[in-house]
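Visitor:
There are 2 protein chains.
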Amino acid sequence: MITRLTVIGVGLIGGSLAQALRAAGAVEQVVGCSRSRANLERALKLGVIDRFVQDPAQAVQDADLVFIAVPLGAMRDIFAAVKGRLRDDTVITDGGSVKGSVVADAQAIFGHVPARLVPGHPIAGTEHSGVEASFPTLYRNRRVILTPLSVTDPEALDRVTRMWRSCSAQVTTMDVAHHDQILAVTSHLPHMLAFGLVDALARLRENDEIFRYAAGGFRDFTRIASSDPIMWRDICIANREQLGEMLRRFGDEMLDLATTIRRGDSDHLLEIFRRAKDARDRYIDSTDS
Amino acid sequence: MITRLTVIGVGLIGGSLAQALRAAGAVEQVVGCSRSRANLERALKLGVIDRFVQDPAQAVQDADLVFIAVPLGAMRDIFAAVKGRLRDDTVITDGGSVKGSVVADAQAIFGHVPARLVPGHPIAGTEHSGVEASFPTLYRNRRVILTPLSVTDPEALDRVTRMWRSCSAQVTTMDVAHHDQILAVTSHLPHMLAFGLVDALARLRENDEIFRYAAGGFRDFTRIASSDPIMWRDICIANREQLGEMLRRFGDEMLDLATTIRRGDSDHLLEIFRRAKDARDRYIDSTDS
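Chains V and C supply the protein sequences, listed in that same order.
Per the numbering used here, residue 21 is the first one in the first sequence, and the count goes up by one each step.
Per the numbering used here, residue 21 is the first one in the second sequence, and the count goes up by one each step.
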């Protein structure tokens, strides 16, 4: 049981955690903290939080668990604000989509990575953002990756693991660099392709007509291009090496594919499309169950 | 009212047209034609067609309307098979995703583009294929683009327009090259990105792990990579110039984006993501209504 949970950044991710824990009876009190007072008032009205404090230093007072769910670019300022204000036994975790940058920010502010900081990432979300978009079942059957370091307190890791399990999430651990590499491929790269495609179309002269003739597949394909731009800017910057490399490779592959198509190489095209269809159908079979 | 409709290629597209026309009471008899006898037997059992004939030359006998819904690579053979077997007043139309190649195939086989051939393209589909995937409401509120030529008989165009309207589709006309350009951007290019991404992941060594951590956004993003590989090979070949050029431009844009990310150019990234989100949110608003 969590006695006092402080959620810093009460949006889709933070708000959904608060709601899930409350629905599971796993938390007594939820304190919200955010830069926007209007946002906190909405969260209070929606019953997502019990009370709010705008100053992070005060918000973490007497919290036994702190969840930071702000865009990655704001993480360092939050660490700076709460430094020296936490109880010795307070466990901190976060929901950032890149773990290397969170660890580097902690190192920069605290001079070391605190033993009771458990870097984490729930692999869940929708293209919507804000506390109005949060809901208690967001994490049900979703994976949460925790990336503890050698200095991480096992008891802190255990607390965070239990917190996510009470939201019905599946918790796994892996190292920081591996997490950032896997996410670069499965999440960050697809978002870049969707943003890039929609942006390219938006810049075409006849873009009204083009969007008019886009079919249902296009709607699904580009859904993630409606995601929060600031969050994604920060993810790109935080994972710039891995993502930059993936994107460079993908760009080269698209140029190769352009050549294959222009050359009319039917066999090679069929091979690519078959391998992709097989992989996706297999992946869907394995996740539909 | 259509007295006898012959559907050549009884899959998702052909089967759905037959079902929609029947549901609207707009057809008396549907004759199915396909290379696969097993497929025709399924179509008969499902009530999609009234009877079947495997030979296209016989299948079109006494048809007043012929709908060709085969992969683009098979179109020329179908034209060759039905040449000289059609009644003078029979109207032919098709469902091919590229119109330039259909017109070129007709020209090659008939020596000219027949006045009663109305090239068409329903902008509808799912990632599933085959007659089992067909359903009567596939075309409801979907756009159908017809690309008549100067030689096209206005009465034939009118018959095909009425046929699609009785399926509750919205019919528009445009010229062949314009159609192929718009579809290259809104449909063919997104399919290449989805196939390309899934294929790239499938070829990675740790691909099991990667697919395991792919989130919901990835599932939506890659849905179209489960589409029929043969159909897509043919689309690529048929629209190779336009699609090759789009893909080359997109590949270059991804390389630029890779550089922007590596350089850490936050402002530029935010500008791209905002423009994309605005465009998509606007597009969704306009199509949700």
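Just so you know, even glycine gets a beta-carbon here, dropped at the ideal spot from N, CA and C.
1) Please specify which runs of the alpha helix (DSSP H), each continuous and at least 4 residues long, are wholly inside the segment 212 to 289 of chain C, giving them in chain order.
2) Using a Cβ-Cβ cutoff of 8 Å, what residues of the segment 200 to 216 of chain C are near chain V? List them in chain order.
3) What's the call for His132 of chain C, buried or exposed, on a 16-neighbour Cβ count within 10 Å?
4) What residues are listed by DSSP as bridge partners for Asp97 of chain C?
5) Measure from the C-beta of Thr26 of chain C to each C-beta in chain V and report whether the shortest distance is under 9 Å.
6) Would you verify that the beta carbon of Ile257 of chain C is, or is not, closer than 9 Å to some beta carbon of chain V?
7) Do Ala83 of chain C and Leu106 of chain C come within 9 Å of each other at the CB atom, strictly closer than that value?
8) So, do the segment 170 to 183 of chain C and the segment 147 to 162 of chain C have three or more beta carbon pairs nearer to each other than 8 Å?
9) Using beta carbons (cut-off 9 Å, strictly below), is Pro249 of chain C in contact with chain V?
10) For my contact list, Ser36 of chain C and Gly237 of chain V are in at a C-beta cut-off of 8 Å; report their separation, rounded to the angstrom.
11) Have a look at Ala153 of chain V and Ala63 of chain V and give me their C-alpha separation to the nearest angstrom.
12) Terminal residues of the continuous alpha helix (DSSP H) containing Phe155 of chain V?
13) Taking three-plus beta-carbon pairs below 8 Å as touching, is the segment 250 to 266 of chain C in contact with the segment 250 to 269 of chain V?
14) Alpha carbon to alpha carbon, what distance is there between Ala89 of chain V and Phe72 of chain V?
15) Within its chain, find whatever has a CB closer than 6 Å to the CB of Tyr303 of chain V; leave out the 5 residues flanking it on each side and keep chain order.
16) If distances are taken between C-alpha atoms only, which option among V:Leu137, V:Val138 and V:Arg160 comes closest to Gly145 of chain V?
17) In chain order, what residues of the same chain lie with their CB nearer than 7 Å to the CB of Leu224 of chain C, ignoring the 5 residues before and after it?
18) How far does the beta strand (DSSP E) with Gly120 of chain C in it extend, from its first residue to its last?
19) Using C-beta distances below 7 Å, list every residue in its chain close to Asp314 of chain V, excluding the 5 sequence neighbours before and after it, in chain order.
20) Counting pairs of Cβ atoms below 8 Å between the segment 134 to 144 of chain C and the segment 154 to 174 of chain C, do you hit three or more?
21) Can you give me the C-alpha to C-alpha distance between Pro134 of chain V and Leu41 of chain V, rounded to a whole angstrom?
22) Hey, how far is the Cα of Lys297 of chain C from the Cα of Asp287 of chain C?
23) Could you round the C-beta distance between Gln49 of chain C and Asp70 of chain C to whole angstroms and report it? I think they count as a contact, below 8 Å.
24) Beta-carbon of Ala278 of chain V versus every beta-carbon of chain C: anything under 9 Å?
25) What residue range does the alpha helix (DSSP H) around Leu37 of chain V cover?
26) Taking DSSP's pairing of strands, which residues face Gly52 of chain C in a bridge?
27) Smallest Cα separation from Asp46 of chain V: which of V:Arg57, V:Gly52, V:Ile22 and V:Gly104?
28) Count the other C-beta atoms from every protein chain shown that fall within 10 angstroms of the C-beta of Asp178 of chain C, then say buried if there are 16 or more, exposed otherwise.
29) How about Ala296 of chain V: is its C-beta nearer than 9 Å to some C-beta of chain C?
30) Establish whether the CB of Trp252 of chain V and some CB of chain C are separated by less than 9 Å.
31) By the criterion of Cβ-Cβ separation under 9 Å, what are the contact partners of Asp114 of chain V in chain A?
32) So is Asp254 of chain C buried or exposed if we call it buried at 16+ other beta carbons inside 10 Å?
33) Within 9 Å (strictly less), CB to CB, does Thr242 of chain C reach chain V?
34) Going along the chain, which residues of the segment 59 to 76 of chain C sit with their C-beta nearer than 9 Å to a C-beta in chain V?
Guide: In short:
1) Here the runs fully enclosed are 227 to 232, 236 to 241, 249 to 258 and 260 to 283.
2) From the segment 200 to 216 of chain C, only Ile202, Leu203, Val205, Thr206, Ser207, Leu209, Pro210, His211, Met212, Leu213, Ala214, Phe215 and Gly216 have a Cβ closer than 8 Å to chain V.
3) Per the 10 Å Cβ criterion, exposed.
4) DSSP, once it has assigned bridges, lists no residue as partnering Asp97 of chain C.
5) Not one chain V Cβ lies under 9 Å of Thr26 of chain C.
6) Chain V contact via Cβ: present.
7) The answer is yes: Cβ separation under 9 Å.
8) No, the segment 170 to 183 of chain C is not in contact with the segment 147 to 162 of chain C.
9) Closer than 9 Å to some Cβ of chain V, the Cβ of Pro249 of chain C qualifies, so yes.
10) Contact doesn't hold; Cβ gap of about 16 Å is too wide.
11) Between the alpha carbons of Ala153 of chain V and Ala63 of chain V lies a gap of roughly 11 Å.
12) First-last for Phe155 of chain V: undefined, no H or E at that position.
13) Touching, no, given that fewer than three Cβ pairs across the two stretches are closer than 8 Å.
14) Whole-angstrom Cα-Cα distance: 15 Å.
15) There are no such residues.
16) Checked all of V:Leu137, V:Val138 and V:Arg160; the closest Cα to Gly145 of chain V is V:Arg160.
17) The beta carbon of Leu224 of chain C sits closer than 7 Å to the beta carbons of Ile230 from its chain, once the five residues preceding and following it are set aside; these are given in chain order.
18) Bounds of any beta strand (DSSP E) do not take in Gly120 of chain C; it lies within the alpha helix (DSSP H) bounded by Gly120 to Phe130.
19) Residue 314 of chain V cannot be examined here, being either before or after the span of chain V that is shown, 21 to 309.
20) Yes, they touch.
21) Rounded to whole angstroms, Pro134 of chain V to Leu41 of chain V spans 25 Å at the Cα level.
22) Between Lys297 of chain C and Asp287 of chain C, the C-alpha separation is close to 15 Å.
23) The pair is a contact, with the Cβ atoms about 5 Å apart (cut-off 8 Å).
24) Cβ-Cβ to chain C under 9 Å: yes for Ala278 of chain V.
25) Per DSSP, the continuous alpha helix (DSSP H) segment holding Leu37 of chain V begins and ends at Leu32 to Ala43.
26) Answer is C:Val27 and C:Phe72, bridged to Gly52 of chain C.
27) Looking at the sequence itself, residue 46 of chain V is Ala, so the reference to Asp does not match. Checking every option, the nearest Cα to that of Ala46 of chain V belongs to V:Ile22.
28) Residue burial annotation: Asp178 of chain C is exposed, with fewer than 16 other C-beta atoms found within 10 angstroms of its C-beta.
29) Taking Cβ atoms only, chain C reaches closer than 9 Å to Ala296 of chain V, which makes this a yes.
30) For Trp252 of chain V, the closest Cβ of chain C is nearer than 9 Å.
31) Considering every chain present, this structure includes no chain A. Its protein chains are V and C.
32) Buried is the call here.
33) Closer than 9 Å to some Cβ of chain V, the Cβ of Thr242 of chain C qualifies, so yes.
34) For the segment 59 to 76 of chain C, there are no residues whose beta carbon sits under 9 Å from a beta carbon of chain V.
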